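Colleague:
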Amino acid sequence: MNTTRSLFSRVRSSLVAKIGIVSFICVHIPLIGTILLLLVNGQTSPIRVLLVMIGTTVLGTLCCLDVVWSQLRPVTELKIALDRFEENGNLTIPHTLTNKSDEVGKLADTVSDLVLNLNELTQELRSRATTDVLTGLRNRRWLIDRVPVELAQIQRTGLPMSTILFDVDYFKAINDTYGHVIGDHVLMAIGQTVKDMIRPDDLAARIGGEEFCILLPQTELNEAFNVAERLRVSFENMEVSDISDRAITCSFGVAPFLPHMKLTDALKHADSALYEAKGAGRNRVIV
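Heads up: the sequence shown at position 61 corresponds to 61 in the numbering used here, and the numbers run straight through without jumps.
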């Protein structure tokens, strides 16, 4: 009994074995039909034997094709699923595939795992391509790609959006005095402070060496000024390892981001305000 079960299990898990058995049976249907005819009727005419052989041959062929197609149909379903994945990026493997224990089921499981790993790798690469490794904020490329979405939103709703542009005061002097490693620590601390203080819908990016940009959807200029001022105070009070003899300060420029503007236009207006803040003595916010 155990041997029979083991043999049945092996046949069930082998596509080749199932097709082989079906083909063997279907090929012998004409012979079986002819033998049965002779056993039932005894001597019979050659024409009748020929007709039985032709009929059973056709029947055997149709049965073989039907069974083989039913076994290979999941491969077509897998191809359809992969075509849909290529179109929309979503892979849905039918249960009829994943529940099969033969080679087709194993193929479906393997493809599903490969696509899952590919999606994870793609997401990781996309995140790396749009994230500033040092600060953990987004980068300029991501900001450029995201701006059209935000502009469409403010054009549709009529809600305001504001731009904050800031950079670290005397950052070159910090690098020259303490070294680039400590300079990196300063940028990392600034990035963490920004992430801690902005809203989930705000867009923050490091767009240059020590220059940062924050886009504030649904935010008037006076509110943006308050956000920038809170950040300025936080940076001034921020502690960075190996820097105890001076405060880390930043200068801020705040400007509106109007629906008809491009990112370069908004940054140009904010940069003018930032330039004015530096000319007025740094460590301040100018609208």
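C-beta atoms are modelled at their ideal positions from N, C-alpha and C, and glycine is treated no differently. Note that this is a predicted model, so its numbers are computed, not measured.
If you follow the alpha helix (DSSP H) that Thr157 is in, where does it begin and where does it stop?
Modeller: Sequence index remark: in the sequence shown, residue 157 carries index 157 (1-based). It spans Arg140 to Thr157 - the alpha helix (DSSP H) in which Thr157 sits, taken as one unbroken run.
Colleague: Could you check which residue in Pro259, Val287 and Glu124 has the C-alpha nearest to that of Asp271?
Modeller: The residue given as residue 271 occupies position 271 in the sequence shown. That would be Val287, whose Cα lies nearest to the Cα of Asp271.
Colleague: How long is the line joining the alpha carbons of Ile47 and Val68, rounded to whole angstroms?
Modeller: Position 47 of the sequence shown, counted from the first residue, corresponds to residue 47. Position 68 of the sequence shown, counted from the first residue, corresponds to residue 68. Distance between the alpha carbons of Ile47 and Val68: 31 Å.
Colleague: Measure the C-alpha to C-alpha separation of Arg73 and Leu125 and round it to an integer number of angstroms.
Modeller: Numbered from 1 along the sequence shown, position 73 holds the residue referred to as residue 73. Numbered from 1 along the sequence shown, position 125 holds the residue referred to as residue 125. In a straight line, the C-alpha of Arg73 is about 35 Å away from that of Leu125.
Colleague: Output yes or no for whether 8 Å exceeds the beta carbon distance between Gly334 and Val27.
Modeller: Limits of the chain in this structure are 1 at one end and 287 at the other, which puts residue 334 out of reach.
Colleague: Near Asp145, what residues of its chain come up, given a Cβ to Cβ distance below 8 Å and the 5 sequence neighbours on each side ignored?
Modeller: Taking the sequence shown and counting its residues from 1, the one referred to as residue 145 is at position 145. Here the set comprises Thr130.
Colleague: What are the boundary residues of the alpha helix (DSSP H) that Ile174 is part of?
Modeller: Start at 1 with the first residue of the sequence shown, and residue 174 comes out as number 174. That run of the alpha helix (DSSP H) goes Phe171 to Tyr178.
Colleague: So is Asp167 buried or exposed if we call it buried at 16+ other beta carbons inside 10 Å?
Modeller: Against the sequence shown, residue 167 aligns to sequence position 167. Asp167 comes out buried.
Colleague: In this structure, does DSSP put Pro74 in helix, strand or coil?
Modeller: In the sequence shown, residue 74 corresponds to position 74, counting from 1. In this structure, Pro74 counts as helix in the three-state DSSP scheme.
Colleague: Taking just the CA atoms, how far does Leu134 sit from Lys195?
Modeller: Taking the first residue of the sequence shown as position 1, residue 195 is located at position 195. Taking the first residue of the sequence shown as position 1, residue 134 is located at position 134. Between Lys195 and Leu134, the C-alpha separation is close to 13 Å.
Colleague: Pull up the distance between the alpha-carbon of Tyr275 and that of Gly253, whole angstroms please.
Modeller: As a working note, residue 275 is residue 275 in the sequence shown. As a working note, residue 253 is residue 253 in the sequence shown. Cα-Cα distance, rounded: 8 Å.
Colleague: First and last residue of the beta strand (DSSP E) that includes Leu203?
Modeller: As a working note, residue 203 is residue 203 in the sequence shown. Element bounds for Leu203: Leu203 to Arg206.
Colleague: Count the other CB atoms within 10 Å of the CB of Val40; is the residue buried (16 or more) or exposed (fewer)?
Modeller: In the sequence shown, counting from the first residue as 1, residue 40 sits at position 40. The residue is exposed, with fewer than 16 neighbouring Cβ atoms inside 10 Å.
Colleague: Across which residues does DSSP place Leu215 in a beta bridge pair?
Modeller: Your numbering for residue 215 matches position 215 in the sequence shown. Bridge partners of Leu215: Thr163 and Leu203.
Colleague: Report all residues from its chain with a CB closer than 7 Å to the CB of Asp169; omit the five preceding and five following residues, and keep chain order.
Modeller: The residue labelled residue 169 in the question sits at position 169 within the sequence shown. Excluding positions up to five away in sequence, the list reads Thr249, Cys250, Ser251, Arg282 and Asn283.
Colleague: Are the CB atoms of Leu215 and Phe171 within a distance shorter than 8 Å?
Modeller: Here the question's residue 171 lines up with position 171 in the sequence shown. Here the question's residue 215 lines up with position 215 in the sequence shown. Result no, Cβ atoms of Phe171 and Leu215 do not sit closer than 8 Å.
Colleague: How is Ile243 classed by DSSP in three states: helix, strand or coil?
Modeller: Against the sequence shown, residue 243 aligns to sequence position 243. Three-state result, Ile243: strand.
Colleague: Ala205 to Ala228, Cα distance in whole Å?
Modeller: Taking the first residue of the sequence shown as 1, we reach residue 205 at position 205. Taking the first residue of the sequence shown as 1, we reach residue 228 at position 228. Answer to the nearest angstrom: the Cα atoms are 15 Å apart.
Colleague: Kindly confirm or deny that the region 111-121 and the region 181-189 touch, where touching means at least three C-beta pairs closer than 8 Å.
Modeller: With the cut-off at 8 Å, the region 111-121 and the region 181-189 do not touch.
Colleague: Under 8 Å: do the region 149-165 and the region 175-183 share three or more Cβ pairs, one atom per stretch?
Modeller: Because the criterion of three Cβ pairs below 8 Å is not met, the region 149-165 and the region 175-183 do not touch.
Colleague: Does DSSP put Gly209 in a helix, a strand or coil?
Modeller: Translated into the one-based positions of the sequence shown, residue 209 becomes position 209. Note: Gly209 maps to coil in three-state DSSP.
Colleague: Closest to Arg199 by CA distance: which of Ile29, Cys213, Ile243 and Pro217 is it?
Modeller: The residue you call residue 199 lines up with position 199 of the sequence shown. Residue Pro217 is the option with its Cα nearest to Arg199.
Colleague: Which value, in whole angstroms, describes the spacing of the CA atoms of Thr57 and Leu114?
Modeller: Within the sequence shown, residue 57 is the residue found at index 57, counting from 1. Within the sequence shown, residue 114 is the residue found at index 114, counting from 1. If you take the alpha carbons of Thr57 and Leu114, they lie about 43 Å apart.
Colleague: Reducing DSSP to helix, strand and coil, say where Thr135 ends up.
Modeller: Numbered from its first residue, the sequence shown carries residue 135 at position 135. It is coil, neither helix nor strand.
Colleague: On the three-state DSSP scale, how would you describe Phe225?
Modeller: Taking the sequence shown and counting its residues from 1, the one referred to as residue 225 is at position 225. Phe225: helix per DSSP, three-state reduction.
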